[in-house]
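Inspection log for the structure reproduced underneath, given as structure tokens.
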């Protein structure tokens, strides 16, 4: 009986762990033109799908090189766009988007931004997860 309780408890813990992995965090994104040098010293741009992290994610550069799945979920009110989103994109953090200039959670490279939304837009609402 004790072995059965242990197995059930382990199964529940595993399931709870899987559920928390799939949770995305809401935020906002815009685009920028990547430049060198970046604030992620030593992280080379691995191609066009890159991003800059805001101060809320920066954590003294610990976020550098991390891969994020970014999903467009909408646009700010008043943009006039009904269904601008085109899906998700994986980006790697290669730079910092510092305050007060940075007003979004992430700044995506133009190719990454264009992949998930109508390119005529400037800012979008996103869900993101590592």
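Residue numbers (our numbering): 316 to 445.
Cβ coordinates follow ideal geometry from the N, Cα and C atoms, glycine included.
If you're wondering where the values come from, they're calculated on a predicted model, not measured in any experiment.
Among the residues of its own chain, which have a CB less than 7 Å from the CB of residue i, if the five just before and after it don't count?
i	result
residue 380	355, 358, 407 and 408
residue 394	436
residue 361	407
residue 413	370
residue 392	none
Do the CB positions of residue i and residue j come within less than 8 Å of each other?
i	j	result
residue 339	residue 422	no
Are there 16 or more other CB atoms within 10 angstroms of the CB of residue i, so buried, or fewer, so exposed?
i	result
residue 370	exposed
residue 416	exposed
I'd like the span of the beta strand (DSSP E) that includes residue i, first residue to last.
i	result
residue 411	403-412
residue 384	382-389
residue 341	340-347
residue 442	439-444
residue 374	From DSSP, residue 374 is part of no beta strand (DSSP E); its letter is neither H nor E.
Write down the C-beta distance between residue i and residue j rounded to the nearest angstrom, noting that I regard them as a contact closer than 8 Å.
i	j	result
residue 431	residue 402	6 Å
residue 368	residue 411	6 Å
residue 390	residue 399	6 Å
residue 429	residue 396	About 14 Å separates the two Cβ atoms, so there is no contact after all.
Excluding the five sequence neighbours on either side, which residues of its own chain have a C-beta within less than 8 Å of the C-beta of residue i, listed in chain order?
i	result
residue 383	366, 405, 406, 407, 408, 421, 443, 444 and 445
Looking only at its chain, what residues have a beta carbon closer than 6 Å to the beta carbon of residue i, apart from the 5 residues adjacent to it on each side?
i	result
residue 363	424 and 426
residue 419	343, 344 and 345
residue 501	Outside the shown range of the chain (316 to 445) lies residue 501, about which nothing can therefore be said.
residue 353	409 and 410
residue 372	378
Starting from residue i, trace the alpha helix (DSSP H) in both directions and tell me its first and last residue.
i	result
residue 427	425-431
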